[in-house]
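Engineer:
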Amino acid sequence: MQVILIDPIPLFLRFYFFIHERERERQREKQAPCRKPDVGLDPRTPVSRPGLKAGVKPVSHPGVQNQTRNCWQNYLDFHRCEKAMTAKGGDVSVCEWYRRVYKSLCPISWVSAWDDRRAEGTFPGKI
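Sequential numbering of the sequence shown, starting at 1131, is according to this note's numbering.
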(Lines of atoms letter the chains of each structure in order from A and count residues from 1; the text may use other names and numbers.)
(Lines give C-alpha, C1' and ligand atoms only; values in the text may rest on other atoms or scores of the structure.)
Protein backbone atom coordinates (compact mmCIF):
# COMPACT_ATOMS: atom_id res chain seq x y z
CA MET A 1 0.00 0.00 0.00
CA GLN A 2 1.41 3.33 -1.03
CA VAL A 3 0.58 6.44 0.98
CA ILE A 4 0.32 9.69 -0.93
CA LEU A 5 0.86 12.81 1.11
CA ILE A 6 -1.11 15.81 0.00
CA ASP A 7 0.30 19.17 0.89
CA PRO A 8 -2.48 21.09 2.69
CA ILE A 9 -1.08 24.45 1.55
CA PRO A 10 -0.14 24.65 -2.12
CA LEU A 11 3.23 26.09 -3.00
CA PHE A 12 1.86 29.20 -4.72
CA LEU A 13 -0.10 30.11 -1.55
CA ARG A 14 3.02 29.72 0.59
CA PHE A 15 4.89 32.04 -1.74
CA TYR A 16 2.00 34.56 -1.68
CA PHE A 17 1.90 34.61 2.14
CA PHE A 18 5.69 34.84 2.34
CA ILE A 19 5.80 37.91 0.07
CA HIS A 20 2.98 39.65 1.91
CA GLU A 21 4.49 38.89 5.31
CA ARG A 22 7.77 40.48 4.21
CA GLU A 23 5.85 43.55 3.05
CA ARG A 24 4.05 43.80 6.41
CA GLU A 25 7.40 43.59 8.23
CA ARG A 26 8.75 46.45 6.12
CA GLN A 27 5.68 48.55 6.94
CA ARG A 28 6.11 47.83 10.67
CA GLU A 29 9.78 48.88 10.48
CA LYS A 30 8.81 52.15 8.83
CA GLN A 31 6.29 52.88 11.58
CA ALA A 32 8.59 51.91 14.46
CA PRO A 33 8.68 54.64 17.14
CA CYS A 34 12.36 54.11 17.96
CA ARG A 35 14.89 56.87 17.34
CA LYS A 36 17.04 55.99 14.37
CA PRO A 37 20.44 57.46 13.56
CA ASP A 38 20.56 60.26 11.04
CA VAL A 39 20.49 59.50 7.36
CA GLY A 40 23.95 59.23 5.84
CA LEU A 41 25.62 58.02 9.03
CA ASP A 42 26.49 54.46 9.85
CA PRO A 43 27.47 54.01 13.52
CA ARG A 44 29.05 50.61 12.84
CA THR A 45 31.73 51.84 10.46
CA PRO A 46 34.76 53.62 11.91
CA VAL A 47 35.32 55.62 8.71
CA SER A 48 31.76 56.93 8.58
CA ARG A 49 31.99 60.68 8.57
CA PRO A 50 29.30 62.48 10.58
CA GLY A 51 27.20 65.10 8.91
CA LEU A 52 24.23 65.05 6.66
CA LYS A 53 24.46 64.27 2.99
CA ALA A 54 23.41 67.12 0.75
CA GLY A 55 19.66 67.48 0.51
CA VAL A 56 18.87 64.84 3.14
CA LYS A 57 17.01 65.70 6.33
CA PRO A 58 17.65 63.78 9.56
CA VAL A 59 15.26 60.94 10.37
CA SER A 60 15.21 61.77 14.09
CA HIS A 61 13.79 65.25 13.44
CA PRO A 62 11.78 65.11 10.21
CA GLY A 63 10.98 68.38 8.49
CA VAL A 64 13.54 70.35 10.50
CA GLN A 65 16.06 72.51 8.70
CA ASN A 66 17.62 73.87 11.89
CA GLN A 67 20.13 71.42 13.37
CA THR A 68 20.20 72.96 16.86
CA ARG A 69 17.98 70.30 18.41
CA ASN A 70 19.85 67.54 16.62
CA CYS A 71 23.14 68.92 17.96
CA TRP A 72 21.77 69.10 21.52
CA GLN A 73 20.23 65.62 21.39
CA ASN A 74 23.42 63.97 20.14
CA TYR A 75 25.45 65.77 22.84
CA LEU A 76 23.08 64.41 25.50
CA ASP A 77 23.01 60.94 23.92
CA PHE A 78 26.81 60.75 23.93
CA HIS A 79 27.13 61.67 27.60
CA ARG A 80 24.24 59.38 28.61
CA CYS A 81 25.82 56.52 26.70
CA GLU A 82 29.23 57.26 28.20
CA LYS A 83 27.79 57.37 31.72
CA ALA A 84 25.87 54.11 31.25
CA MET A 85 28.81 52.25 29.74
CA THR A 86 31.16 53.47 32.48
CA ALA A 87 28.69 52.35 35.16
CA LYS A 88 28.39 48.90 33.57
CA GLY A 89 32.13 48.64 33.06
CA GLY A 90 31.58 48.38 29.31
CA ASP A 91 33.50 49.76 26.38
CA VAL A 92 32.91 53.51 25.99
CA SER A 93 34.00 53.38 22.35
CA VAL A 94 30.48 52.29 21.37
CA CYS A 95 29.39 55.86 22.17
CA GLU A 96 31.94 57.36 19.78
CA TRP A 97 29.40 57.74 16.98
CA TYR A 98 27.32 60.22 19.01
CA ARG A 99 30.45 62.23 19.82
CA ARG A 100 31.43 62.47 16.16
CA VAL A 101 27.92 63.60 15.22
CA TYR A 102 27.66 66.35 17.84
CA LYS A 103 31.21 67.49 17.08
CA SER A 104 30.24 67.91 13.43
CA LEU A 105 26.91 69.66 14.12
CA CYS A 106 27.56 71.82 17.19
CA PRO A 107 29.59 75.03 17.28
CA ILE A 108 32.77 74.64 19.33
CA SER A 109 31.76 77.49 21.63
CA TRP A 110 28.54 75.68 22.60
CA VAL A 111 30.33 72.42 23.32
CA SER A 112 32.97 74.10 25.45
CA ALA A 113 30.29 76.04 27.36
CA TRP A 114 28.29 72.85 27.96
CA ASP A 115 31.43 71.00 29.08
CA ASP A 116 32.22 73.81 31.53
CA ARG A 117 28.68 73.73 32.93
CA ARG A 118 28.81 69.94 33.29
CA ALA A 119 32.08 70.29 35.23
CA GLU A 120 30.49 72.93 37.48
CA GLY A 121 27.37 70.84 38.01
CA THR A 122 25.05 73.45 36.51
CA PHE A 123 24.33 71.74 33.20
CA PRO A 124 20.59 72.01 32.37
CA GLY A 125 20.31 68.74 30.44
CA LYS A 126 19.41 65.41 32.03
CA ILE A 127 22.38 63.08 31.66
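C-beta atoms are modelled at their ideal positions from N, C-alpha and C, and glycine is treated no differently.
#1: Helix, strand or coil, according to DSSP, for Q1197 in the structure here?
#2: Anyone know if the C-beta pair for E1212 and V1222 falls short of 7 Å?
#3: How far does the alpha helix (DSSP H) with S1223 in it reach, from first residue to last?
#4: Would you decide whether R1247 is buried or exposed? Buried here means 16 or more other CB atoms lie within 10 Å of its CB.
#5: According to DSSP, is R1248 part of a helix, a strand, or is it coil?
#6: Please state if the CB of N1204 and the CB of V1231 are separated by a distance shorter than 7 Å.
#7: What would DSSP say about F1253, mapped onto helix, strand or coil?
Structural biologist: Well, looking at it:
#1: In the structure shown, the three-state DSSP call for Q1197 is coil.
#2: Yes, the pair counts as a contact, with Cβ atoms nearer than the cut-off.
#3: Per DSSP, S1223 belongs to no alpha helix (DSSP H) and is neither H nor E.
#4: Counting Cβ neighbours within 10 Å, R1247 comes out exposed, since fewer than 16 surround it.
#5: Of the three classes helix, strand and coil, the one that applies to R1248 here is helix, per DSSP.
#6: Against a cut-off of 7 Å, the Cβ pair of N1204 and V1231 comes out as a contact.
#7: In this structure, F1253 counts as coil in the three-state DSSP scheme.
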